[in-house]
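Engineer: Shown below is the structure under consideration.
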Amino acid sequence: MFRSLHMKLVLIMVLLIISLMTVVGAFLMNAVVRYYLDDFNTRMSSMFSAQDLYEDLTIPYDGEANGMEGLQDVLRANMGELGVDGRTRYYFILDGTTGAYLAGSDDQLGQNLDKSPNVLRALATGEPATGSDITADFMDVAIPITRGEVTYIIQIYDNRQTVTELNGSIFMLIIQALIFGLISSVLLSFLLAKTMITPIERLTAGAKRVASGDFRKLEVGSKDEIGVLTATFNSMSRQLQATIREAENERNKLDTLFLHMTDGVVAFSQEGGVIQKNPAAEDMLGRPILPEDTYEGLFGDLAPLEQILRLEQPGYQEIEQTVGNRTLDLLLAPFDQESGQGGVMVVIHDVTTQRRNEEMRREFVANVSHELRTPLTNIRSYAETLVDSAGDIPPAMEKNFLGVILNESDRMTHIVQDLLTLSRFDSGRSELKLERFSFQVAVRDIYNAVLMDAQRHGHTLTLDLSPDIPDIVGDRDRVLQVMMNVVSNAIKYTPDGGQIAISAGRNPLRVWMEVSDNGIGIPASDRPRIFERFYRVDKARSRESGGTGLGLSIAKEIVDRHEGIIFLVDRPGPGTTIRIELPIEGPAHGK
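Here it is in structure tokens:
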């Protein structure tokens with residue numbers, strides 16, 4: 001309840017009025033008591049110090065038999081001046097030696113009244129005693145008087161009833177004033193609170209709207225401090241909106257970049273909990289990264305978390321890891337070490353292709369060296385034999401040796417030519433000469449070109465052409481090279497007496513050609529690699545048939561440049577089927 005500023009203002013005003021009236025009342029009532037006490041003492045001192053009264057009290061009358069009665073007569077005669085009224089103020093005549101009561105204006109009160117401090121002081125000193133305690137419930141004076149030869153003490157006693165009644169009236173007046181003041185203060189405090197709190201409530205509501213993303217401007221209702229505060233709040237709101245918009249734009253950019261970047265990123269806190277990750281990281285690691293995952297569970301076996309946190313920026317640790325069939329290059333580095341709120345960032349690069357390319361490059365160099373070394377060795381061996389045995393070798397054997405040298409030279413020439421062709425493809429220097437030609441005629445020309453070679457091997461070669469094959473746009477010579485390579489392979493690698501079928505047709509946007517044979521086929525383990533350079537299923541038989549291992553690689557490069565596809569068709573039984581598909585309108589990039 002009292003957490004409200006409204007109620008706090010009301011409570012403060014109420015407490016202020018109560019405190020003020022309490023202090024004023026206490027001072028006022030104390031002042032009244034002090035005034036009456038001082039007035040009483042002053043009046044009594046002046047009365048008893050007056051010469052006439054003093055003489056009347058101390059000089060006996062002529063023929064006076066009892067001094068006490070004389071004193072009583074004098075006191076009765078001066079009751080008005082002394083203020084003795086028999087209700088609030090009394091006089092008593094006490095024995096000057098013992099302080100015993102002798103006579104007074106009220107015998108019952110005088111006989112029951114205890115000796116006051118002033119009476120005791122007057123008995124002890126023989127001097128007038130006029131001091132009174134402000135906290136006592138009475139006030140008195142004790143005046144020693146010697147009448148004749150007898151000493152008396154005259155005590156003027158006041159029970160303060162008048163002071164009490166006046167203080168009671170003052171107290172009631174203070175209570176009434178306090179009630180009126182409280183009512184007024186409550187009303188005024190409500191008005192003040194309304195004046196002050198309404199703008200603050202508007203500011204509070206505006207702050208809540210800003211916190212929820214609503215940056216509407218607040219109305220400035222005055223030019224005082226509240227108005228200045230409202231205007232400042234509006235300015236702050238505009239600045240905050242601009243800052244948040246800018247930060248949101250930057251965050252969206254970073255989120256988009258983080259979400260779609262090809263490298264995987266995983267951020268961990270100092271305790272090893274996952275702070276952030278992107279889909280690429282989950283894809284590379286081959287598993288989802290859950291909120292409960294930790295650094296130790298994901299990368300703890302590669303490098304301890306504490307070891308990475310101890311690295312000095314911009315230091316990092318690079319580790320290579322194999323996940324499934326992927327090779328990952330991991331960069332582990334600490335971040336935001338100075339603030340104490342940092343952690344470890346793991347950036348994951350998929351280097352599978354690079355490592356595979358490096359392996360293929362090493363294998364390619366080894367294969368080229370091997371392919372060239374074999375014919376060179378044969379040429380050198382036969383040439384050395386001819387030189388060492390010149391004139392001793394029969395003409396038929398010499399001609400045979402020279403034939404081997406010539407064949408090995410041709411083989412080296414084919415290898416070099418194929419390598420140059422692939423090199424031109426790789427460098428982009430080999431441009432396609434696009435023209436529209438008849439795909440059906442091209443297939444028939446290949447059939448006619450290899451028919452005799454197939455018959456020499458005892459193969460049965462068949463041709464099946466669909467009647468609706470359209471003309472296509474492409475490099476006719478290159479397309480014929482692909483067809484010849486595929487058909488020649490079928491003839492070479494099918495045992496004599498085999499069945500080879502050439503067929504062609506069209507799809508809605510492509511033409512196709514298939515070459516099927518019932519030869520030895522290709523094992524499943526070798527099928528993914530048949531289009532790699534220098535890759536052979538049966539290396540010994542390939543060399544015997546004069547193959548370089550580059551034919552299908554060149555064929556795939558040509559088909560890819562035509563934006564077509566060449567692939568090995570899955571089929572039951574022995575043999576191989578290779579299918580070529582080319583777009584009817586040619587490659588889009590060539591238009």
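The opening residue of the sequence shown carries number 1 in this note's numbering; numbering runs sequentially from there. Even for Gly, the Cβ is constructed at its ideal location relative to N, Cα and C.
Does the segment 140-150 come into contact with the segment 49-67, if we say contact requires no fewer than three beta-carbon pairs (one atom in each stretch) closer than 8 Å?
Structural biologist: The segment 140-150, when compared against the segment 49-67, does touch it at the 8 Å Cβ threshold.
Engineer: Tell me the rounded alpha-carbon separation between LYS433 and TYR447.
Structural biologist: So the alpha carbons of these two residues sit roughly 23 Å apart.
Engineer: Would you say ASP107 and PHE138 are within 8 Å of each other, going by their C-beta atoms?
Structural biologist: Contact flag unset, no.
Engineer: Using a Cβ-Cβ cut-off of 7 Å (strictly less than) and excluding sequence neighbours within five positions of ASN278, which residues of its own chain qualify?
Structural biologist: Result list for ASN278: PHE258, LEU259, MET261, GLY264 and VAL265, in chain order.
Engineer: Would you call the segment 195-208 and the segment 40-49 in contact, with 3 or more CB pairs under 8 Å?
Structural biologist: No contact exists between the segment 195-208 and the segment 40-49.
Engineer: Leaving out five residues on either side along the sequence, give the residues of the same chain with a beta carbon under 8 Å from the beta carbon of TYR316.
Structural biologist: Excluding residues within five positions, the ones whose Cβ falls inside 8 Å are LEU331, LEU332 and ALA333.
Engineer: Figure out for me which residue from VAL14, ARG89, SER185 and GLU127 has the closest Cα to the Cα of VAL163.
Structural biologist: For VAL163, the nearest C-alpha among the options comes from ARG89.
Engineer: Just to confirm the assignment, what range does the alpha helix (DSSP H) spanning LEU552 have?
Structural biologist: Element bounds for LEU552: 551-561.
Engineer: Cβ atoms of ASP350 and GLY342: under 8 Å apart, would you say?
Structural biologist: No, the pair does not count as a contact, with Cβ atoms beyond the cut-off.
Engineer: Using C-beta distances below 8 Å, list every residue in its chain close to LEU16, excluding the 5 sequence neighbours before and after it, in chain order.
Structural biologist: For LEU16, where only same-chain residues beyond five positions count, the Cβ hits under 8 Å are SER185.
Engineer: By how many angstroms is the C-alpha of LEU178 removed from the C-alpha of VAL84?
Structural biologist: Spanning the two alpha carbons is a distance of roughly 36 Å.
Engineer: Short of 7 Å in beta carbon distance, which residues of its chain neighbour THR327, apart from the five on each side in sequence? Order them along the chain.
Structural biologist: Excluding positions up to five away in sequence, the list reads GLU320, VAL351, THR352 and ARG355.
Engineer: Please classify LYS556 as buried or exposed, where buried requires at least 16 other C-beta atoms within 10 Å of its C-beta.
Structural biologist: That one is buried.
Engineer: Applying the 10 Å Cβ sphere with the 16-neighbour rule, what's the burial state of ASN485?
Structural biologist: Counting Cβ neighbours within 10 Å, ASN485 comes out buried, since at least 16 surround it.
Engineer: Would a C-beta distance cut-off of 8 Å place THR135 and ASN41 closer than the cut-off?
Structural biologist: Not closer than 8 Å, so no.
Engineer: Could you compute how far the alpha carbon of GLU408 sits from the alpha carbon of LEU465?
Structural biologist: So the alpha carbons of these two residues sit roughly 38 Å apart.
Engineer: Within the continuous beta strand (DSSP E) that includes PHE299, where are the two ends?
Structural biologist: First-last for PHE299: 295-299, but that is the alpha helix (DSSP H), not the beta strand (DSSP E).
Engineer: Leaving out five residues on either side along the sequence, give the residues of the same chain with a beta carbon under 8 Å from the beta carbon of ILE18.
Structural biologist: Excluding sequence neighbours, ILE18 sits near LEU178 and LEU182.
Engineer: Rounded to the nearest angstrom, what separates ILE275 and GLU318 at their Cα positions?
Structural biologist: Spanning the two alpha carbons is a distance of roughly 21 Å.
Engineer: Classify ARG506 as helix, strand or coil using the three-state DSSP reduction.
Structural biologist: Here ARG506 sits in strand by DSSP.
Engineer: Please classify PRO375 as buried or exposed, where buried requires at least 16 neighbouring CB atoms within 10 angstroms.
Structural biologist: With 16 or more other Cβ atoms within 10 Å, it is buried.
Engineer: Give me the Cβ distance between VAL515 and ILE578, rounded to the nearest whole Å; I'm assuming they're in contact under 8 Å.
Structural biologist: With 8 Å as the limit, VAL515 and ILE578 qualify as a contact, their Cβ atoms being about 5 Å apart.
Engineer: Taking all protein chains shown into account, decide if ASN489 is buried (16 or more other Cβ within 10 angstroms of its Cβ) or exposed.
Structural biologist: Its Cβ being crowded by 16 or more others within 10 Å, ASN489 is buried.
Engineer: Whole angstroms are fine: how far does the CA of SER503 sit from the CA of VAL569?
Structural biologist: If I take the Cα positions, the gap works out to 14 Å.
Engineer: For PRO95, which of ILE143, ARG76, ARG87 and ASP526 has the nearest alpha-carbon?
Structural biologist: Note on residue identity: the sequence assigns Asp, not Pro, to residue 95. For ASP95, the nearest C-alpha among the options comes from ILE143.
Engineer: Taking just the CA atoms, how far does LEU582 sit from ASN507?
Structural biologist: Rounded to the nearest angstrom, the two C-alpha atoms are 10 Å apart.
Engineer: Kindly indicate which three-state DSSP category ILE578 falls into: helix, strand or coil?
Structural biologist: Here ILE578 sits in strand by DSSP.
Engineer: In this structure, does DSSP put GLU69 in helix, strand or coil?
Structural biologist: Helix at GLU69.
Engineer: Bridge partners for GLN321 per DSSP, in chain order?
Structural biologist: Answer is LEU328.
Engineer: Do VAL559 and VAL482 have their CB atoms nearer than 8 Å?
Structural biologist: Yes, they are a contact pair.
Engineer: Assign ILE580 to buried or exposed, taking buried as 16 or more other Cβ atoms, counted over all protein chains shown, within 10 Å of its Cβ.
Structural biologist: With 16 or more other Cβ atoms within 10 Å, it is buried.
Engineer: Identify the continuous beta strand (DSSP E) that holds GLN276 and give its terminal residues.
Structural biologist: First-last of the beta strand (DSSP E) with GLN276: 274-277.
Engineer: Within 10 angstroms of the Cβ of VAL346, are there 16 or more other Cβ atoms? Answer buried if so, exposed if not.
Structural biologist: Buried is the call here.
Engineer: For GLU435, write down the residues that DSSP places opposite it in a beta bridge.
Structural biologist: GLU435 pairs with GLY474.
Engineer: My output table needs one value for ALA396: the three-state DSSP class, helix, strand or coil.
Structural biologist: In this structure, ALA396 counts as helix in the three-state DSSP scheme.
Engineer: Rounded to the nearest angstrom, what separates PHE531 and ILE566 at their Cα positions?
Structural biologist: Their Cα atoms are separated by approximately 9 Å.
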